[in-house]
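**Q** Please find one structure pasted underneath; my questions will follow.
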Amino acid sequence: MNELLLRRKSKVIVTKGNVVEPDERYVVTILKNVEALGYTFSQELYETLLTLEKEDLNKFYLEVVPVLKNLVGADVEYNPMYPNFPESVMERDEVELYINAIVHYWSVGTLYPYEEKEERLPLFDVTKVKVINLGSEEDVKEIFFNICQSKTSVSKTDREDLEKIFKNMDVEFPDEIPLKENVAFIGKLYLECSPFAKAKDIQKYFKTATDVLRLITAISNGDMSLAENTQYKKFTRKERRIFMELLQGCGKIEEDMLRYKNRWIRIGEIIHPASYSEKKFKKVITAFGKLRNNEKIETFAGNVSKAFDEKDYEKALELLVTRPGELARKLDLLLRSSENYLLVVNAFKNVAVNVSTPVLLQVREHFAQRCEDIKSRIFFPKGTVAKSYCVANELPEIEKKYCDAIVRFCENALVYRYMEKDFLGNVYVSEEFKRFTVPFSQRSASKAMKTLSRGSRIPLSGETNAVRAFIWWTNMDTTGFDAHSWDRNGGGIVDIDLTAAVFNEDWLYVDHISYTRLVSRKFKACTSGDIVNGGPVTGNGASEFLDFDIDSVVENGGRYVVFQVYSFNEQNFSDIPRVMFGWMNREDVDSGEIYEPTTVEQRMDLAAKSTIAVPVIFDCLNREFIWCDMNASIDREKTRYTGNNVETNLVGISAVGYNLTNVKKPNLYDLIQLHIRARGLEVDNKEEADVVFDLEDGITPYDLDVFMGQYL
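Residue numbers (the numbering used here): 1 to 712.
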């Protein structure tokens, strides 16, 4: 559990020992090693460690330090092509850099340019350490509760942590699980871990046929968002019967099953519903029969669409008020279609309290921006790969008073809902929370040193003059440096490329740094060299670094620096054993080692089913980074001739950057303010607060499980 707590809360569980007269040297030695990784101990943790025997301190060290190394990326070796980067790269002639690269390519990554590593100056950067506090089992249980109670999609890492806690601690599932994907995953855990599992034990969580479909998908290791098709496995007799019983226990299932007709037909071919008792499972057998025989099933969505087609908007509204969530999603369409604005607005007012919290927050944000002159509309489709798309904003105008009314009704409904929660007392909230977006969808989020929601903007420290990004990877198998082949679908050599593209404030291309352009003297930017072979999966791996100077970007007409990571051989990141990206905030790029763990700002694993990752954007004018964790689509017609690189994908990268910097999302500050209106008293002094929302104290913007489980 300490690995989980360190990663999510910067806490560790340590049981107090019996040592009365401690020898502080052992604890201080551990502390020095921890500080070398950018961490330190709180006073409470330090004093607790002093009570431990030497054997227990040794165990603590061997447990904690490897986790911290992994968090900051210090658990691997970094051997760039040019060991005296960046100075040696900046000083070399472009012809020499080109020839060195060609020799390396011809040798399939076996030959490197000779460069004797010089003695480096000690690190001059002043870095701020992160405090590790004393934790408890209650902290772990709180994480479990928060993930279970999340009202928005959770990440793969969240699900892995949920499973780890469930299998290693005595925890119980809550009576209500709001998120349907969580219901499916928890149902899967229950069926896998309970030898005497029965449908009646989990029936309360499964309300619709789609809930059961998600469970079937989860057991088949498919996409529980149902955005992608799943190859269903052959289920055991026990599993098939539980599926039948869960479906029988749901309400009306025919319309719901029709939404995923082809999937249910495939599932029916596996579970054979007709082989079960017609008397006990009549509803389920009938539904499968109608799907298989293409019998007509009247649907709610069909009736609503028909009403819109016939321009009978009052009929459409009459139907939609019976499903408040659907009404909220079609509110803009109703307002720009119907002329009876008051009828629509009042209908929403009367049912707003029954709309889910995430939808209310998004509707509020949409109508708060509705009357502004916004040129484009940006969407993030659901699924396990984070992508976005943009369309021109051609929506007809809606009178401002109606938009303002909807914003107020959303806020009133949220405040009414939050009033049911416990009184918070005095609450302090930092203005910095305006920079952080509400975590609506973490489904495709990567495992990272710090958990962030997309679109969040975090200021760079005042001492940062340059940003140094890094990647590290290995081949897909035991292929070494003597190999001369790669396989897009199998194993072999993996060639990962680190790239940065510079755009101006209008998102017009300015320059880039990549394997095709190692140095940009105008921007004081360079890369450590293009390594094309990651080496054996059990080896030391390969690494690349890329520097850019913040002030030089602004002074030469740039604003945004978009980092990208490319799988040149077009193997998906999800198929590669490990691909890691991160960056360091550096005050002096010529002091210290090329990789300095204390300066690491963020590190993440790239594991999406994609060959292009866009982890982060730097706004050099505002001196802040914008968290992306996005992926871009590949154009194979272009990459077959020019390769998977920034030149081929420049338009797509520009679009991703534009989308992330222009999307309008609810922020954490506004969310907390709604809670204060409902159940708290705001104070300006942290010392007077019972609950603190701050970047470092109390609940931080990185505690996403707390916001997803307790504040949404």
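Positions of the beta carbon are idealized from the N, C-alpha and C atoms, including for glycine.
Let me know the secondary structure DSSP gives Glu163 once reduced to three states.
**A** Here residue 163 refers to the residue found at position 163 of the sequence shown. Of the three classes helix, strand and coil, the one that applies to Glu163 here is helix, per DSSP.
**Q** In the region 569-632, which residue ranges form an unbroken beta strand (DSSP E) of at least 3 residues, counting only runs that do not cross its ends?
**A** 579-586, 600-605, 612-619 and 624-631
**Q** Indicate the three-state DSSP secondary structure (helix, strand or coil) for Val408 in the structure shown.
**A** If you number the sequence shown from 1, residue 408 lands on position 408. The question names Val, yet the displayed sequence has Arg at residue 408. Residue state, collapsed to three classes: helix.
**Q** Identify the continuous beta strand (DSSP E) that holds Ile471 and give its terminal residues.
**A** Reading the sequence shown from its first residue, position 471 is the one you call residue 471. Residues Ala466 to Trp473.
**Q** Should Cys148 be listed as close to the ligand SAM, given that the test is whether its C-beta is under 8 Å from any heavy atom?
**A** What this structure holds is no ligand at all, so the ligand SAM is not there to describe.
**Q** For Asp487, name the three-state secondary structure that DSSP assigns.
**A** In the sequence shown, counting from the first residue as 1, residue 487 sits at position 487. Confidence is the limiting factor: at Asp487 the pLDDT is only 49, short of 50, which leaves the residue's position unreliable and the question unanswerable from this model.
**Q** Is the region 443-452 touching the region 503-517 in the sense that three or more CB pairs, one from each, lie closer than 8 Å?
**A** In short, these stretches do not touch, since the Cβ pair count stays below three.
**Q** Can you list, in chain order, the residues of its chain with a C-beta nearer than 7 Å to that of Val706? Leave out the 5 residues immediately preceding and following it.
**A** The count along the sequence shown starts at 1 and reaches residue 706 at position 706. The residues are Asn146 and Ile699.
**Q** Does the contact criterion of 3 or more C-beta pairs under 8 Å hold for the region 556-574 versus the region 452-466?
**A** no
**Q** Considering only the alpha carbon of each residue, which of Gly135, Lys686, Leu606 and Asp211 lies closest to Met580?
**A** For the purposes of this step, residue 580 is taken as the residue at position 580 of the sequence shown. Of the listed residues, the one whose Cα sits closest to Met580 is Leu606.
**Q** Please report the Cβ distance between Pro178 and Lys151, rounded to the nearest whole angstrom; I am assuming they are in contact, meaning their Cβ atoms lie under 8 Å.
**A** For this step, residue 178 is matched to residue 178 along the sequence shown. For this step, residue 151 is matched to residue 151 along the sequence shown. Contact holds; Cβ gap of about 5 Å.
**Q** Under a three-way DSSP split, which group does Thr639 fall into?
**A** Counting from one through the sequence shown, the residue named residue 639 turns up at place 639. Helix.
**Q** In whole angstroms, what is the alpha-carbon distance linking Lys156 and Glu163?
**A** The residue given as residue 156 occupies position 156 in the sequence shown. The residue given as residue 163 occupies position 163 in the sequence shown. Approximately 11 Å, taken between the alpha carbons.
**Q** Can you tell me which of the three DSSP states Lys11 falls into?
**A** Stepping through the sequence shown from its first residue, residue 11 is reached at position 11. Strand.
**Q** Roughly how many whole angstroms lie between the Cα atoms of Val65 and Glu596?
**A** If you number the sequence shown from 1, residue 65 lands on position 65. If you number the sequence shown from 1, residue 596 lands on position 596. One C-alpha to the other measures close to 16 Å.
**Q** Assuming the contact rule is C-beta atoms closer than 8 Å, Lys130 and Tyr39 should be a hit. Round their C-beta distance to whole Å, please.
**A** Here residue 130 corresponds to residue number 130 of the sequence shown, with the count starting at 1. Here residue 39 corresponds to residue number 39 of the sequence shown, with the count starting at 1. In this structure, Lys130 and Tyr39 form a Cβ contact; the two beta carbons are roughly 5 Å apart against a cut-off of 8 Å.
**Q** By Cβ distance, which residues of its chain are closer than 6 Å to Ser453, with the 5 residues on each side in sequence left out?
**A** Taking the first residue of the sequence shown as 1, we reach residue 453 at position 453. Excluding sequence neighbours, Ser453 sits near Thr437 and Pro439.
**Q** Roughly how many angstroms lie between the CA atoms of Val467 and Phe548, to the nearest whole one?
**A** If you number the sequence shown from 1, residue 467 lands on position 467. If you number the sequence shown from 1, residue 548 lands on position 548. Roughly 6 Å between the two C-alpha positions.
**Q** Output the distance between the C-alpha atoms of Leu331 and Leu674, rounded to the nearest integer angstrom.
**A** Position 331 of the sequence shown, counting from 1, holds the residue named residue 331. Position 674 of the sequence shown, counting from 1, holds the residue named residue 674. The alpha-carbon atoms of Leu331 and Leu674 are separated by roughly 22 Å.
**Q** Considering just the uninterrupted stretch of the alpha helix (DSSP H) at Glu55, what are its terminal residues?
**A** By one-based count along the sequence shown, residue 55 stands at place 55. Under the DSSP assignment, Glu55 falls in the alpha helix (DSSP H) whose first and last residues are Lys54 to Val72.
**Q** Report the partner residues of Glu544 according to the DSSP bridge assignment.
**A** Mapped onto the sequence shown, residue 544 falls at position 544. Answer is Ile471.
**Q** Any contact of the region 361-371 with the region 640-649, i.e. 3+ C-beta pairs under 8 Å?
**A** no
**Q** Does the Cβ of Asn350 have 16 or more other Cβ atoms within 10 Å, making it buried, or fewer, making it exposed?
**A** The count along the sequence shown starts at 1 and reaches residue 350 at position 350. By the 10 Å Cβ count, Asn350 comes out exposed.
**Q** Over the uninterrupted beta strand (DSSP E) stretch that includes Asn426, give me the two end residues.
**A** Translated into positions along the sequence shown, residue 426 becomes position 426. Boundaries of the beta strand (DSSP E) around Asn426: Gly425 to Val429.
**Q** Restricting to Cα atoms, I'd like to know which of Thr208, Thr230, Ser225 and Gly249 is closest to Asp256.
**A** Here the question's residue 256 lines up with position 256 in the sequence shown. Comparing Cα positions, the closest option is Thr208.
**Q** Which term fits Tyr416, buried or exposed, when burial requires 16 or more other beta carbons within 10 angstroms of its beta carbon?
**A** As a working note, residue 416 is residue 416 in the sequence shown. Flag for Tyr416 reads exposed.
**Q** What alpha helix (DSSP H) runs, 4 residues minimum, are completely inside the region 179-223?
**A** Listed in chain order, the complete alpha helix (DSSP H) runs (minimum 4 residues) inside the region 179-223 are 180-193, 199-202 and 209-219.
**Q** Considering only DSSP beta bridges, list what Val391 is partnered with.
**A** Mapped onto the sequence shown, residue 391 falls at position 391. Its beta-bridge partners are Arg377.
**Q** By DSSP's criteria, Phe563 is part of a beta bridge. Which residues make up the other side?
**A** Position 563 of the sequence shown holds residue 563. Paired residue(s): Ala500.
**Q** Is it buried or exposed for Tyr98, if we count other Cβ within 10 angstroms and need 16 for buried?
**A** One-based indexing of the sequence shown puts residue 98 at position 98. Tyr98 comes out exposed.
**Q** Just checking my contact of Val429 with Tyr669 at CB under 8 Å: how many whole Å lie between their CB atoms?
**A** Here residue 429 is taken as the residue at index 429 of the sequence shown, counted from 1. Here residue 669 is taken as the residue at index 669 of the sequence shown, counted from 1. About 6 Å; that satisfies the 8 Å criterion.
**Q** Less than 6 Å between C-beta atoms, sequence neighbours within five positions excluded: which residues of the same chain meet that for Thr598?
**A** Residue numbering aside, residue 598 sits at position 598 when the sequence shown is read from its first letter. The answer, listed in chain order, is Gly38 and Thr127.
**Q** Taking Cβ to Cβ, would you say Gly558 is nearer than 9 Å to Ala469?
**A** Mapped onto the sequence shown, residue 558 falls at position 558. Mapped onto the sequence shown, residue 469 falls at position 469. No. Outside cutoff.
**Q** Taking the DSSP output, what are the residues bridged to Asn133?
**A** Along the sequence shown, read from residue 1 onward, the residue named residue 133 stands at position 133. Its beta-bridge partners are Lys11.
**Q** Check the DSSP bridge columns for Val691 and list the partner residues they point to.
**A** Position 691 of the sequence shown, counting from 1, holds the residue named residue 691. BP columns for Val691 point to Val427.
**Q** Apart from the five residues just before and just after Lys421, which ones in its own chain have a Cβ nearer than 7 Å to its Cβ?
**A** The residue labelled residue 421 in the question sits at position 421 within the sequence shown. The residues are Arg679.
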